[in-house]
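Protein chains in written order, with the working numbering: chain A, 1 to 117; chain B, 1001 to 1926.
In what follows, a structure is listed as structure tokens, so that the remarks can point back to it.
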């Protein structure tokens, strides 16, 4: 595969899974934007990175849909930050997306014959 | 520490987000960048490097803006069904707009009330007119399954919608297999009761199956049985109407089975019709129904030829189509039947002569019930009147809408700063416009609701004001508001709201933003577009007012012209007594003898100056007849039917009609003496060389007798007694004592007030023949009343609209000038402080308004001159204008003057107020 193709491939994959990523990251506890982007970078070993331009619009979109809820938290001695947590609606969507993703991966694997990573 | 906030703000500036939202985003993103920057520093980067790293977050430069724009604009989540959510949000938006609009309107109760009232007047009048239209045109007859009904007319190319003969009805009934039934009906007048209690009523002669076919069930008793309509005169039965039952018989339940006297014969009442059924003729109250078979007995002067002769076409035919039959099938069937009848009975079906002498063939026309509610011959005139009424009322409506539009524009200007701020912060211009539009629709809906109430009141007042009509004619029209009327009102209100709200809403949502935000700016001068619109509205209002007032002026002048006072009738002090003799009782000699004796007896009454006879007075009918004129050969197809009268001795003299040549009729002009005639100057001029008619002859065409040559012994000046038309038509008259007339009018000239003579005249007539109807004996003025009613009503409509138009125009001009003054208060203050003459300022301010008014007047004048011509169109069948031309200079002149004066006043008042204000106060005015 050439470089360009990889980039496009990456981008498409990222787009499809971005929501899933965010939702799962705020499932356990609430996090703020910077924290989310750091986690993604860390847990993917640097393979995935979300910049401001793509992260926040996505957060706002998810918030508008009612899947995550953001609120301002002011901790003493710090500037206030906006934390996001998963809503009950979001929990349902996360579950659905997770299973959809798993089926999708399984299907791809069967077709391409690669082992599930 | 770099200013992250500034960086973010810069990048977001293009988005024009709501300030609060933008602040949030800015804070969040700048926080993120700060964290990134701080982290890089802790990792050991230099501040520059850290800065670059943080900025790298912006690497996809445009992407952020694009993404944010998508998100922030998004209203609905994309994955949930697109359709429902968008609609839901639009509905909530609309509901918000309405609630907000309601609050805004309640903040200015004065404005709201004026607006609602104006709208209520216009919409209410419209609704009232539409109710009338609905009652006459749209509502089906109150019978069962009217959509299955059709009516048949037997006519030729010249007059297609004529009635049918009884014998033809029998043929139709027998051969019309597309119909499950066919019935016949005809409107007749009957004399009900005896002697003093005798009154004339309208009834229908119907075939036996009439009520069954229509599905009308008796309210009490029963309707006709088939055997009651088989042999002439065998079953003297009658069904009476609910109104008559209540009015004359006190709703007596025991009336069924009793007999009543109709045309001096006893008939048994078998049933009462239901209250909602008043006969097949729209608007006419049918009071009783008798079988067709009874007509020869009840109208003996016409006798059995009514049933036997094919030449006697007096019946309407109504049929009910079989469920599986179509109109086309019916038409085809009756084309066939027409052809058969033409072959079998050529004298009746083929022998009519056209204008050029060609033979006309009769055929049967089938029309659905919906097209026969108004008689097809009257369609054109009826629709013309409806169109005229609607046009007039809607011209006023238009002016009112323009007024409201101007008011709304002024309000919008007052709120322009608020709107401008909203727009710069990213609000949707369409949203702003929509909210303003919601306000105007709300206003018009309120106006519509009040208007409906107004309409009900108007209609009740109209019905109550109807004068008694002669000859026992009563109106029966159902003016109740039904779904059609309410639908019309709702749609109309909505449209009106959009109409007057649209321009201001659009204008207001696109103000000159910079000018609006700057304090103290002269928005009036700056917003050129808006002031052009307002000025244009004023010009249009004045122009339309001009048109309306011109029409009103012409109609009102007409009204004065046909009033008995101005016709000179009033000075005559006449009692008018229509006389109808029973034909079987009075032959030629005995009828003439009757008139002689009646004249004698009446002349003997105290207070009687003279007694004369004429067949019809103007306002009570018009008589025409064919005549041959000596020495004049009519061109082929020329209509030799001229206005004519049959007059008694001394008529012309008693009526003060100037005789320019020859003499009046006298007692010696009777049967046995040479036949005589008089003509008017118009006839003499038209048909005789040099107008010399005296001594020449007219040919009197007579029925079943040889024609007579009658010498013209008198020529009279053209006068209003023969016709109320503007240009005199040719007219001739024959002598009563040389004719066989069973229908004439006795005119009693009274010394004093004619009202006092009426009872005595009635007694005089009854003393000679008890069976003659005297209920219609009245003064001449009273005979004009129903005739004038229509003109009065029309005058009221047009006059009222004209008045309203002036009022609205004045309000508009006043508003405009007042507004201009308020905008230029500072300028005026400066001028006055600098010593300007108050008069000069006054003139300056008024000039602005009067220039617009003059434009409006010019346009209006041209429009009015073009449009008033419509009033003289012959499509109306009745002359709307009498004695005035459509471009009467006096009317137009006075209207123009009136408008100018009114406009001057409207300009003057606010202008004067401006000059009164202390210059210091106006200088400080913002």
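Quick reminder that beta carbons are idealized off the backbone N, C-alpha and C, glycines included.
Which stretch, first to last residue, makes up the beta strand (DSSP E) that contains residue i?
i: residue 1309/B; result: Looking at the DSSP string, residue 1309/B is not in any beta strand (DSSP E), and its letter there is neither H nor E.
i: residue 1746/B; result: 1743-1750
i: residue 1500/B; result: Not the beta strand (DSSP E): residue 1500/B falls in the alpha helix (DSSP H), residues 1483-1508.
i: residue 1610/B; result: 1608-1614
i: residue 1288/B; result: 1288-1291
i: residue 1574/B; result: 1574-1580
i: residue 1709/B; result: 1708-1716
Relative to the C-alpha of residue i, which residue among the options is closest?
i: residue 1134/B; options: 1003/B, 1267/B, 1285/B, 1383/B; result: 1383/B
i: residue 1612/B; options: 1579/B, 1587/B, 1633/B; result: 1579/B
i: residue 1641/B; options: 1647/B, 1624/B, 1428/B; result: 1624/B
i: residue 1887/B; options: 1553/B, 1206/B, 1120/B, 1003/B; result: 1553/B
i: residue 1288/B; options: 1319/B, 1248/B, 1300/B, 1309/B; result: 1248/B
i: residue 1257/B; options: 1267/B, 1506/B, 1914/B; result: 1267/B
i: residue 1474/B; options: 1243/B, 1334/B, 1314/B; result: 1243/B
i: residue 1277/B; options: 1656/B, 1477/B, 1261/B, 1389/B; result: 1477/B
i: residue 1024/B; options: 41/A, 71/A, 35/A, 78/A; result: 71/A
i: residue 1017/B; options: 1366/B, 1857/B, 1423/B; result: 1423/B
i: residue 1338/B; options: 1908/B, 1324/B, 1117/B, 1366/B; result: 1366/B
i: residue 1779/B; options: 1575/B, 1115/B, 1561/B; result: 1575/B
i: residue 18/A; options: 111/A, 40/A, 35/A; result: 40/A
i: residue 1369/B; options: 1317/B, 1346/B, 1823/B; result: 1317/B
Report the CB separation of residue i from residue j in whole angstroms; it is logged as a contact under 8 Å.
i: residue 1841/B; j: residue 1828/B; result: 6 Å
i: residue 1442/B; j: residue 1102/B; result: 6 Å
i: residue 1816/B; j: residue 1849/B; result: 6 Å
i: residue 1189/B; j: residue 1202/B; result: 6 Å
i: residue 1400/B; j: residue 1436/B; result: At roughly 19 Å, the Cβ-Cβ gap does not stay under 8 Å, so residue 1400/B and residue 1436/B are not in contact.
i: residue 61/A; j: residue 1071/B; result: 5 Å
i: residue 1893/B; j: residue 1559/B; result: No, residue 1893/B and residue 1559/B are not in contact; Cβ-Cβ is about 19 Å, not under 8 Å.
i: residue 1164/B; j: residue 1315/B; result: 5 Å
i: residue 1646/B; j: residue 1733/B; result: 7 Å
i: residue 1480/B; j: residue 1615/B; result: Actually they are not in contact, since the Cβ atoms of residue 1480/B and residue 1615/B sit about 41 Å apart, beyond 8 Å.
i: residue 1818/B; j: residue 1754/B; result: Not confirmed; about 56 Å, so no contact.
For the alpha helix (DSSP H) that contains residue i, what are its first and last residues?
i: residue 1172/B; result: 1166-1175
i: residue 1295/B; result: 1295-1298
i: residue 1349/B; result: 1346-1350
i: residue 1448/B; result: 1429-1465
i: residue 1201/B; result: Taken as a continuous stretch (DSSP letters only), residue 1201/B belongs to no alpha helix (DSSP H), being part of the beta strand (DSSP E) at 1199-1206.
i: residue 1110/B; result: 1109-1133
i: residue 1004/B; result: 1004-1012
i: residue 1058/B; result: Residue 1058/B -> no alpha helix (DSSP H), and no H or E assigned at all.
i: residue 90/A; result: 88-112
i: residue 1194/B; result: From DSSP, residue 1194/B is part of no alpha helix (DSSP H); its letter is neither H nor E.
i: residue 1601/B; result: 1588-1603
Would you check whether the ligand ATP has a heavy atom nearer than 7 Å to the C-beta of residue i?
i: residue 1577/B; result: Ligands displayed in this structure: none; no statement on the ligand ATP is therefore possible.
| field | Touch test, the segment 1192-1210 of chain B against the segment 1373-1382 of chain B, Cβ-Cβ under 8 Å, three pairs minimum | value | no
| field | Every unbroken alpha helix (DSSP H) inside the segment 27-73 of chain A [4 residues or more] | value | 33-43, 52-65
| Fully enclosed by the segment 1646-1703 of chain B, which alpha helix (DSSP H) runs are 4 residues long or longer? | 1651-1654, 1681-1687
| message | Could you check whether the segment 89-96 of chain A touches the segment 62-71 of chain A, counting it as contact only if at least three pairs of C-beta atoms, one from each stretch, sit closer than 8 Å? | response | yes
| task | Determine contact between the segment 1801-1818 of chain B and the segment 1860-1875 of chain B, defined as no fewer than three beta-carbon pairs at a distance below 8 Å. | result | no
| Validate contact between the segment 1778-1786 of chain B and the segment 1874-1894 of chain B using beta carbons, cut 8 Å, 3 pairs | no
| request: Any chance you could list the alpha helix (DSSP H) runs of at least 4 consecutive residues sitting entirely within the segment 1242-1276 of chain B, in chain order? | output: 1242-1249
| On the three-pair Cβ rule with 8 Å, is the segment 1110-1126 of chain B touching the segment 1382-1401 of chain B? | yes
| task | Take every Cβ of the segment 13-32 of chain A, pair it with every Cβ of the segment 70-85 of chain A, and state whether three or more of those distances are shorter than 8 Å. | result | yes
| field | Runs of alpha helix (DSSP H) wholly within the segment 1732-1810 of chain B (minimum 4 residues, chain order) | value | 1758-1768
| At which residue ranges does the segment 1883-1920 of chain B contain complete beta strand (DSSP E) runs of 3 or more residues, listed in the order of the chain? | none
| field | Sequence ranges, alpha helix (DSSP H) only - wholly within the segment 1379-1427 of chain B, length at least 4 | value | 1379-1414, 1416-1424
| request: Output the residue ranges of the alpha helix (DSSP H) runs that lie fully inside the segment 1800-1886 of chain B and measure 4 residues or longer, sorted by chain position. | output: 1825-1833, 1838-1867
| said: Does the structure place the segment 1443-1453 of chain B close enough to the segment 1529-1539 of chain B that three or more beta carbon pairs sit under 8 Å? | reply: no
| said: For the segment 1749-1762 of chain B against the segment 1624-1636 of chain B, do three or more pairs of beta-carbon atoms, one drawn from each stretch, fall closer than 8 Å, so that the two count as touching? | reply: no
| message | Closer than 8 Å is the cut-off here; do at least three beta carbon pairs connect the segment 1670-1687 of chain B with the segment 1700-1717 of chain B? | response | yes
| task | Assess, as a yes-or-no matter, whether the segment 1691-1704 of chain B is touched by the segment 1651-1660 of chain B under the definition of 3 or more beta carbon pairs within less than 8 Å. | result | no
| task | Kindly confirm or deny that the segment 1591-1609 of chain B and the segment 1740-1753 of chain B touch, where touching means at least three C-beta pairs closer than 8 Å. | result | yes
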